[in-house]
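>
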Amino acid sequence: MPDDAPAALVDQRGHVLVITLNRPHAMNAVNAELSELVGTALERAEQDPETRVVVLTGAGERAFCAGADLKAVSRGESLAAPGNEQWGFAGYARHPISKPTIAAVNGFALGGGTELALASDLVVAAESAKFGLPEVKRGLFAAAGGVFRLPRQIPQKIAMEMMFTGEPLDAARAATLGLVNHVVPDADVLTEALALAEKIAANAPLAVQASKRVALGIVDGAISAEDSAWDNTRENAVGVMTSEDVREGTLAFVEKRAPVWQAK
Ligand SMILES: CCCCCCCCCCCCC/C=C/C(=O)SCCNC(=O)CCNC(=O)[C@H](O)C(C)(C)COP(=O)(O)OP(=O)(O)OC[C@H]1O[C@@H](n2cnc3c(N)ncnc32)[C@H](O)[C@@H]1OP(=O)(O)O
2 MPDDAPAALV DQRGHVLVIT LNRPHAMNAV NAELSELVGT ALERAEQDPE TRVVVLTGAG
62 ERAFCAGADL KAVSRGESLA APGNEQWGFA GYARHPISKP TIAAVNGFAL GGGTELALAS
122 DLVVAAESAK FGLPEVKRGL FAAAGGVFRL PRQIPQKIAM EMMFTGEPLD AARAATLGLV
182 NHVVPDADVL TEALALAEKI AANAPLAVQA SKRVALGIVD GAISAEDSAW DNTRENAVGV
242 MTSEDVREGT LAFVEKRAPV WQAK
């Protein structure tokens, strides 16, 4: 790959934005440039009403993302997106965007790579994919969301063993534990992720985004007590249930045709 190739690529496919981590020579490890470009792509996805779903994948056939760039870290370099912390790689982990995200895990997802998958709403994994948090082998720990998301997404004792030993899980085991939605042949990962993205993009955008917002609010603890969950649901429901999309979505069913969503 040419040295001046961008560390992340962006490809708009209708209502789906595909972000490809593009450092295959370094197993798509996260450096400041990759973090910056991912951040810019996420900011674009968040602000573009035509983008309804984001798919994140890795270049090459070996790795989705091997986590923080250990060579950069060993040189004391920051991995944060310079001047764009809000949306950098850490931003993806720290501030999930309002639109559904799908990780198309095409190989090793280690350290920050597993944390990207944990921060994604859905995961489509290659049969050969591996998930792990080997930070403790490098003197680090899963500070980009892994330490609290993993025990929430898989059984606690399995999560603790992963974090303490740094040993990886294969895709089949990850799917059994609920970390992965679909395990597919290696060559089909992006195709299957895009098919899933199109399925979601065909539904009412505001309703899908409200579903993500309330569900994550509950899971991430931003919405604590039971009553506030209902209050939060009701607040979000108003915004959705009074949108033009309700009339269009229901009328389309009656008229036996595909809906054309209006709300932006
Ligand atoms: C990530 C979040 C950043 C957010 C920014 C905000 C600041 C937050 C800071 C704190 C963040 C903490 C959270 C995350 C931490 C981490 O992710 S720590 C890193 C964890 N990852 C690893 O330990 C994996 C390391 N890699 C490997 O174990 C192996 O490479 C492999 C993936 C199992 C593949 O092995 P193999 O097939 O033998 O290939 P290799 O020869 O090892 O690798 C091929 C080339 O790729 C280079 N490379 C691989 N991984 C990395 C990496 N993580 N960083 C840099 N480079 C990597 C490897 O060096 C080889 O290159 P060459 O030596 O030039 O051939």
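Following this note's numbering, the numbering of the sequence shown begins with 2 at its first residue and continues without gaps.
Glycine included, each C-beta is placed from N, C-alpha and C at the ideal position.
1) For Leu18, is the beta carbon positioned less than 7 Å from some heavy atom of ligand 1?
2) Quick check on DSSP: helix, strand or coil for Ala127?
3) If we count Cβ pairs, one from each stretch, closer than 8 Å, do we get three or more for the stretch 21-28 versus the stretch 160-177?
4) Excluding sequence positions up to five away, which residues of its chain have a Cβ less than 7 Å from the Cβ of His16?
5) Please list the terminal residues of the continuous alpha helix (DSSP H) segment that includes Val201.
6) Need the endpoints of the alpha helix (DSSP H) that Leu217 sits in, please.
7) Exposed or buried, what is Phe13 when buried is set at 16 or more other beta-carbons lying within 10 Å of its beta-carbon?
8) Does DSSP put Arg1 in a helix, a strand or coil?
9) If Ala94 and Leu117 are in contact, beta carbons under 8 Å, what's the gap, nearest whole angstrom?
10) Evaluate contact between the stretch 129-141 and the stretch 206-222, counting only Cβ atoms and requiring at least three cross-stretch pairs below 8 Å.
11) Pick from Lys158, Ala64, His96, Leu38: whose alpha carbon is nearest that of Arg214?
12) So what does Leu10 bridge to, in DSSP terms?
13) Taking buried to mean at least 16 other C-beta atoms within 10 Å of its own C-beta, is Pro7 buried or exposed?
14) Using the beta-carbon count (16 or more within 10 Å), is Val239 buried or exposed?
15) So, with DSSP's three-state summary, where would you put His16?
16) With contact counted as at least three CB pairs below 8 Å, one residue from each stretch, are the stretch 63-77 and the stretch 26-42 in contact?
According to the structure data:
1) Looking up residue 18 in the sequence shown gives position 17. Not under cutoff, so the answer is no.
2) Counting from one through the sequence shown, the residue named residue 127 turns up at place 126. Strand.
3) They do not touch, by the three-pair rule.
4) Position 15 of the sequence shown, counted from the start, is the residue given in the question as residue 16. Same-chain partners within the cutoff: Glu51, Thr52, Arg53, Val54, Ala202.
5) Residue numbering aside, residue 201 sits at position 200 when the sequence shown is read from its first letter. The sequence as given places Ile at residue 201; Val does not occur at that position. Unbroken alpha helix (DSSP H) run through Ile201: 190-202.
6) In the sequence shown, residue 217 corresponds to position 216, counting from 1. Note, Leu217: alpha helix (DSSP H), 206-220.
7) For the purposes of this step, residue 13 is taken as residue 12 along the sequence shown, with counting starting at 1. A quick correction: the sequence has Gln, not Phe, at residue 13. By the neighbour-count rule (16 or more Cβ atoms within 10 Å), Gln13 is not buried but exposed.
8) Within the shown structure, residues of the chain are numbered from 2 to 265, placing residue 1 beyond reach of any answer.
9) Within the sequence shown, the letter at position 93 stands for residue 94. Within the sequence shown, the letter at position 116 stands for residue 117. Between Leu117 and Ala94 the Cβ distance is about 7 Å, and since that is below 8 Å, they are a contact.
10) The answer is no - the stretch 206-222 does not touch the stretch 129-141, with fewer than three Cβ pairs under 8 Å.
11) By 1-based counting over the sequence shown, the position of residue 214 is 213. Cα-wise, what sits closest to Arg214 is His96.
12) The residue labelled residue 10 in the question sits at position 9 within the sequence shown. Residue pairing by DSSP places Leu10 opposite Thr21 in a beta bridge.
13) On the sequence shown, position 6 is the one that residue 7 refers to. Label assigned to Pro7: exposed.
14) As a working mapping, residue 239 is identified with position 238 in the sequence shown. With fewer than 16 other Cβ atoms from the protein chains shown falling within 10 Å of its own Cβ, Val239 counts as exposed.
15) As a first step, residue 16 is located in the sequence shown; it is residue number 15 there, counting from the start. The DSSP-derived three-state label of His16 is coil.
16) With the cut-off at 8 Å, the stretch 63-77 and the stretch 26-42 touch.
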